[in-house]
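In what follows, a structure is listed as structure tokens, so that the remarks can point back to it.
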Amino acid sequence: MSYELNQTAGTMAPVCLFLFVALLVGRLPLTGTEEEPGTPSSPSSSTATDGFFSSNCSQLTLKVDFSSRVVEHEYIVAFNGYFTAKARCHFISSALRNTEAENWRIVERENPASDYPSDFEVVQIRQDARSRLLTLQDHPYIKRVTPQRKVFRTLKLLSGGDGSSSCNDTRWVQKWQSWQSSRPLRRTSLSLSSGFWHATGRHSSRRLLRAIPRHVAQILQADVLWQMGHTGSGVKVAVFDTGLSEKHPHFKNVKERTNWTNEKTLDDGLGHGTFVAGVIASMRECQGFAPDSELHIFRVFTNNQVSYTSWFLDAFNYAILKKIDVLNLSIGGPDFMDHPFVDKVWELTANRVIMVSAIGNDGPLYGTLNNPADQMDVIGVGGIDFEDNIARFSSRGMTTWELPGGYGRVKPDIVTYGSGVRGSGMKEGCRSLSGTSVASPVVAGAVTLLASTVLNRELVNPASMKQALIASARRLPGVNMFEQGHGKLDLLRAYQILNSYRPQASLSPSYIDLTECPYMWPYCSQPIYYGGMPTIVNVTILNGMGVTGRIVDKPIWQPYLPQNGDHIDVAVSYSPVLWPWAGYLAVSISVAKKAASWEGIAQGHVMLTVASPAENDSAVGGEMISTVKLPVKVKIVPTPPRSKRVLWDQYHNLRYPPGYFPRDNLRMKNDPLDWNGDHIHTNFRDMYQHLRSMGYFVEVLGSPITCFDASQYGTLLMVDSEEEYFPEEITKLRRDIDNGLSLIIFSDWYNTSVMRKVKFYDENTRQWWMPDTGGANIPALNDLISVWGMAFSDGLYEGDFTMADHDMYYASGCSIARFPEDGVVIAQTLKDQGLEVLKQETAVVDNVPVLGLYQTPSEGGGRIALYGDSNCIDDSHRQKDCFWLLDALLQYTSYGVTPPSLLHSQNKVTPPAGTDKPLPERLEGNHLYRYSKVLEAHLGDPKPRPLPACPHLSWAKPQPLNETAPSNLWKHQKLLSVDIDKVELPNVGAYRPQVRPLSPGESGAWDIPGGIMPGRYNQEVGQTIPMFAFLGAMVVLSFFVVQLTKSRSKPKRRKPRIKRPLYLQQQQQQTPHTGRNPTV
88 MSYELNQTAG TMAPVCLFLF VALLVGRLPL TGTEEEPGTP SSPSSSTATD
138 GFFSSNCSQL TLKVDFSSRV VEHEYIVAFN GYFTAKARCH FISSALRNTE
188 AENWRIVERE NPASDYPSDF EVVQIRQDAR SRLLTLQDHP YIKRVTPQRK
238 VFRTLKLLSG GDGSSSCNDT RWVQKWQSWQ SSRPLRRTSL SLSSGFWHAT
288 GRHSSRRLLR AIPRHVAQIL QADVLWQMGH TGSGVKVAVF DTGLSEKHPH
338 FKNVKERTNW TNEKTLDDGL GHGTFVAGVI ASMRECQGFA PDSELHIFRV
388 FTNNQVSYTS WFLDAFNYAI LKKIDVLNLS IGGPDFMDHP FVDKVWELTA
438 NRVIMVSAIG NDGPLYGTLN NPADQMDVIG VGGIDFEDNI ARFSSRGMTT
488 WELPGGYGRV KPDIVTYGSG VRGSGMKEGC RSLSGTSVAS PVVAGAVTLL
538 ASTVLNRELV NPASMKQALI ASARRLPGVN MFEQGHGKLD LLRAYQILNS
588 YRPQASLSPS YIDLTECPYM WPYCSQPIYY GGMPTIVNVT ILNGMGVTGR
638 IVDKPIWQPY LPQNGDHIDV AVSYSPVLWP WAGYLAVSIS VAKKAASWEG
688 IAQGHVMLTV ASPAENDSAV GGEMISTVKL PVKVKIVPTP PRSKRVLWDQ
738 YHNLRYPPGY FPRDNLRMKN DPLDWNGDHI HTNFRDMYQH LRSMGYFVEV
788 LGSPITCFDA SQYGTLLMVD SEEEYFPEEI TKLRRDIDNG LSLIIFSDWY
838 NTSVMRKVKF YDENTRQWWM PDTGGANIPA LNDLISVWGM AFSDGLYEGD
888 FTMADHDMYY ASGCSIARFP EDGVVIAQTL KDQGLEVLKQ ETAVVDNVPV
938 LGLYQTPSEG GGRIALYGDS NCIDDSHRQK DCFWLLDALL QYTSYGVTPP
988 SLLHSQNKVT PPAGTDKPLP ERLEGNHLYR YSKVLEAHLG DPKPRPLPAC
1038 PHLSWAKPQP LNETAPSNLW KHQKLLSVDI DKVELPNVGA YRPQVRPLSP
1088 GESGAWDIPG GIMPGRYNQE VGQTIPMFAF LGAMVVLSFF VVQLTKSRSK
1138 PKRRKPRIKR PLYLQQQQQQ TPHTGRNPTV
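Heads up: take any position in the sequence shown, counting from 1, add 87, and you land on this note's numbering.
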């Protein structure tokens, strides 16, 4: 019997071992290949955001874009409070009772919020009754009436993860017709496409052929908090997206799924919403941050990728009703003037909902922030890759709300991984996606996990959470604040801050250092000097003490005398009320007269006190007080000579929103709106950097031309101007140029026939959106320069040419129609793009005047340079830069030196007299007056408003300090002086979140033990090895049985006893026995 047992065991061991190895090999993908779990291998069956592969090209991916259209006859009527459906109907009926709007009805909304009071209604009114809509706004309970909007999502194939190249090198051919997408980029999906996981080793010299990806939750060390027992339990997190399937295996705590669309389904037909929810709360395979959090799924997009503003408003109201804690919104758009949407976001955060939103996928261009992520009360998230580089697609700051008179705020707030992040597939398995819509749920999941670690949940609010995130963020080296915000998300440092947090106010940024490059770009790129335009720094005040607050008295300016703080003057303006949770502090810095010839560093700080009602204070009128300090450090240089100073005209640049201002390059049909601010620090950033490298000092004019001292500047630079001009401005500019100021104008196209052709047409609603100007406002510019016998034409040209041995591209520019006969004019051969747009015909035009140089005749007078296209200095769609031309023009205007290459050019022609053709006229019936700072409505044509007063700064009275300023402003600023390095993480035993085991047939790809990081908990392995463990145990058991049988069948041999050395015996006798093992 012993022999039989031994023989059976000996046979069983290799068989089990063979089965174990075979099963293990079968579970692993082949080396050098990888397949997304749950994704069909056939390209034809790939989902909307999967990758496609071709033998002749690189990886193809899908990019998701959004557009929105106004719904004809439908309007959102917003009320001043929440009312029942009966009361809302009564208010609207009483407002429209005495008007001609007889045929109207309230659009029924069938969704979970319809049973509760609401603060808005959707009303359908006949077309001929629109003139009576103003009567609705006159009702005391109605706050605003705005058009209903319909949002569309469109998909398009791109080549490669970033879409930088296409498979076939074919020329793009454009068919000129009415553009079919009205007012695009309103609420844009911020997911780019499928992507590969990026390696995390920045300087690895050797790498494995196949890397094993770690999930983003583990990379950010969420497992440390899991081991402490924190898994998101008790936190309600809402995902506003495309829905979620009911039986998805990755989620165990889906509290509620609601549908806000007109489709009768709750499931996700696109996969985007499932991915976002998985990054936040997946409990297996691609592990989320907070698997035990309470998921609330809001389906706000249909499978046809359509949504309405009213759907969002109803869903937001329901989220408030359900007391949601964290809300992720991975969509966005440039329209920060979409009042119903913006107002509702404010209301959400005022109800303690922490909103996390993607900053946008319009990078690397600056001034491309998306709403609502650009709001002060929202956590705006940018993207980085796993090498800690800012993702190319991630939108950059600054905000453009404040232009032209002010300066933008710092956004994004924080950055985190958004490139090649793995999340849940639509039905099962995992996939990789890139985009700031991926980075947003990473932060939302981290916020959910962090909120669950705080015992006193009353301390967690939108302001305190943002304070913890930005105070703990790790700053990325070599990256400025408009790219990274406060830095990279650091989950554990944020945990340390939250667990030692006391309600307080803080500032973002927490200091102003105009000498710190590159982080403080663009402030650090140019020193300040006496006589220059004040430098404006827009600081956000975060109030963690309450939803509302105020600044007590006035901020105090305290210069450090040992650090020459008295050499600068400071003026501050601020929010009268901090609501919700935030406000602004605008700091204007100027150089005192006594430092006109001085060079050095000046320092001081601004002190302000914030008061907020004490929510838990029983005393009437009780307040919480927090005092914060804003250090200021600047570099002062002597005032530069006039010839080196260039003034940029920002006041006369208009952008979307609110009006339809088209792109300067008509070829760019996919991006037709001019929405980047036209500022030297946004889409003209490269031009600004070039001018600084050439030694010029560039300042910004955010007020009318009547508000600056022309004797201080060599050149006034006007680029892509859409605004009209006050008569007083025209008069002053003529006088200034006679006295030595020079003028450079970069114009753009303007043609009323083309403007009618490129209007937006909505086939569903049969509505037209007409441009309010062309690329530039040529009629207004002609009024400005007519006194010198100059004018631009309404011709529209494009083409490649060579000027002064430089390759140039003219992109939808105009020509010079009139110019003084003693001026210099350069002409080129170009294509008539206007003819192509209007008649789809091609024609080449010779001797098109594109550049003009003129010296005014008055003694000591300035010089004027005109060029018909600005695209060559605009970052938005620049193909070939013409910075060399700008240098040449500045040499001419500042020093009177005419470049020989232009003066003796073969393309020099006789200046056109322009008497044979009428000059461009303004488009009849345009609505520019609605958005203009110059025009106002009139019974006939719009007329100029009264000239506004020039801005006047009230300089703060200094309170000098005779003490030394801190040397390092960044490290000196700490949240409430909490040293987070002293807040240690507790040492606790291992803890794993509860997980659901694998169901039969489910994929376990990527579950390779070799990919586990030492000391880290890998959830996938724990879910996929039960069978392997059983087989392994059987092999081990068989081995011991065989060894036991062998030992019993052999005769025992007595081992000789080895005598212990004498010195060891003596040592043992001298050592007393304690009964304990020695510790190491």
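Where a beta carbon is used, it is the ideal one built from N, C-alpha and C, also for glycine. Here the structure is a predicted model, which means the values were calculated and not measured.
Among the options, the one whose alpha carbon lies nearest that of residue i
i, options, result
"Ala526", "Glu1011, Phe376 and Pro1033", "Phe376"
"Leu753", "Ser899, Val366, Met632 and Gly505", "Ser899"
"Gly861", "Val845, Ser873 and Gln915", "Val845"
"Lys716", "Ser593, Gly670 and Leu629", "Ser593"
"Phe906", "Ala200, Gly1001 and Arg479", "Gly1001"
"Glu1008", "Leu220, Phe480, Thr839 and Pro605", "Thr839"
"His335", "Thr318, Val626 and Gly365", "Gly365"
"Arg236", "Pro204, Phe399 and Arg344", "Phe399"
"Glu1011", "Met1121, Asp859, Pro1035 and Glu928", "Asp859"
"Asp422", "Leu828, Tyr743, Pro866 and Asn340", "Tyr743"
"Phe327", "Glu786, Asp736, His359 and His777", "His359"
"Ala437", "Gly447, Gly618, Val996 and Asp412", "Asp412"
Neighbourhood of residue i by C-beta distance below 6 angstroms, restricted to the same chain and skipping five residues each side
i, result
"Lys1146", "At Lys1146 the pLDDT is 48, less than 50, meaning the model places this residue with poor confidence and gives no usable figure here."
"Asn307", "Note on identity: in this sequence residue 307 is Leu, with Asn being the wrong assignment. Contacts found: Leu578."
"Leu220", "Val232"
"Ala1052", "Tyr647, Gln650 and Gln690"
"Asp887", "Tyr896"
Residues near residue i in its chain [Cβ-Cβ closer than 7 angstroms; skip 5 each side]
i, result
"Leu432", "The sequence as given places Val at residue 432; Leu does not occur at that position. Closer than 7 angstroms at Cβ, skipping near neighbours: Met442, Pro459, Gln462 and Val465."
"Asn630", "Ala550, Ala592, Gly636, Leu665, Trp668, Ala669, Val697 and Ser699"
"Val931", "Thr916 and Lys918"
"Ala701", "Gly709, Glu710 and Met711"
"Thr171", "Pro204"
"Pro199", "Thr345 and Tyr405"
The ligand ATP heavy atom lying under 8 angstroms from the CB of residue i
i, result
"Val529", "Only the bare structure without any ligand can be found here, which leaves the ligand ATP out of the picture."
Through-space distance from residue j to residue i, alpha-carbon basis
i, j, result
"Ser730", "Gly782", "11 angstroms"
"Ile615", "Pro621", "8 angstroms"
"Ile384", "Ala445", "18 angstroms"
"Asn457", "Leu734", "29 angstroms"
"Val911", "Met857", "37 angstroms"
"His768", "Asp968", "17 angstroms"
"Glu545", "Tyr598", "28 angstroms"
"Glu1023", "Phe166", "28 angstroms"
"Ile655", "Glu1050", "17 angstroms"
"Ser798", "Ser684", "18 angstroms"
"His177", "Tyr453", "48 angstroms"
"Gly282", "Gln374", "In this predicted model, Gly282 has a pLDDT of only 29, less than 50, meaning its place in the structure is not dependable; the value taken from the coordinates is given anyway. When rounded, the distance between both Cα atoms is 18 angstroms."
"Trp347", "Leu357", "16 angstroms"
"Gly492", "Ile676", "15 angstroms"
"Arg192", "Lys553", "43 angstroms"
"Ile557", "Pro1035", "39 angstroms"
"Thr889", "Asn958", "16 angstroms"
Close-in-space but distant-in-sequence residues of the same chain around residue i (CB under 8 angstroms, 5 per side omitted)
i, result
"Ser1041", "Ala658"
"Ser332", "Asp354, Asp355, Thr361, Met513 and Lys514"
Proximity test, Cβ basis, 9 angstroms: residue i and chain C
i, result
"Val303", "Any reference to chain C falls outside this structure, which holds one protein chain only."
For this session: Would you be able to state if there are at least three C-beta pairs under 8 angstroms between the segment 782 to 792 and the segment 941 to 958?
Result: Between the segment 941 to 958 and the segment 782 to 792 there are fewer than three C-beta pairs closer than 8 angstroms, too few to call the two in contact.
Exercise. Are there three or more Cβ pairs, one per stretch, closer than 8 angstroms when the segment 794 to 805 is compared with the segment 817 to 834?
Worked result: Flag = yes, the segment 794 to 805 and the segment 817 to 834 touch.
Problem set entry | Any 3 or more C-beta pairs closer than 8 angstroms across the segment 949 to 957 and the segment 965 to 981 | The segment 949 to 957 vs the segment 965 to 981: in contact.
Exercise. Is there contact between the segment 750 to 765 and the segment 684 to 703, where contact requires at least three CB pairs shorter than 8 angstroms?
Worked result: Flag = no, the segment 750 to 765 and the segment 684 to 703 do not touch.
Problem set entry | Completely contained alpha helix (DSSP H) runs for the segment 772 to 806, where each covers 4 or more residues | Entirely contained in the segment 772 to 806, the alpha helix (DSSP H) runs reaching 4 residues are, in chain order, 772 to 780.
Problem set entry | Inter-stretch contact (C-beta, 8 angstroms, three-pair minimum) for the segment 631 to 651 and the segment 814 to 826 | Verdict: no, contact absent.
Problem set entry | Cβ pair count under 8 angstroms reaching 3, the segment 565 to 573 against the segment 595 to 614 | Segments in contact, yes.
For this session: Enumerate, from N- to C-terminal direction, the unbroken beta strand (DSSP E) stretches of 3 or more residues contained entirely within the segment 413 to 488.
Result: Fully enclosed beta strand (DSSP E) runs of no fewer than 3 residues occupy 413 to 416, 441 to 445 and 466 to 471 of the segment 413 to 488, in order along the chain.
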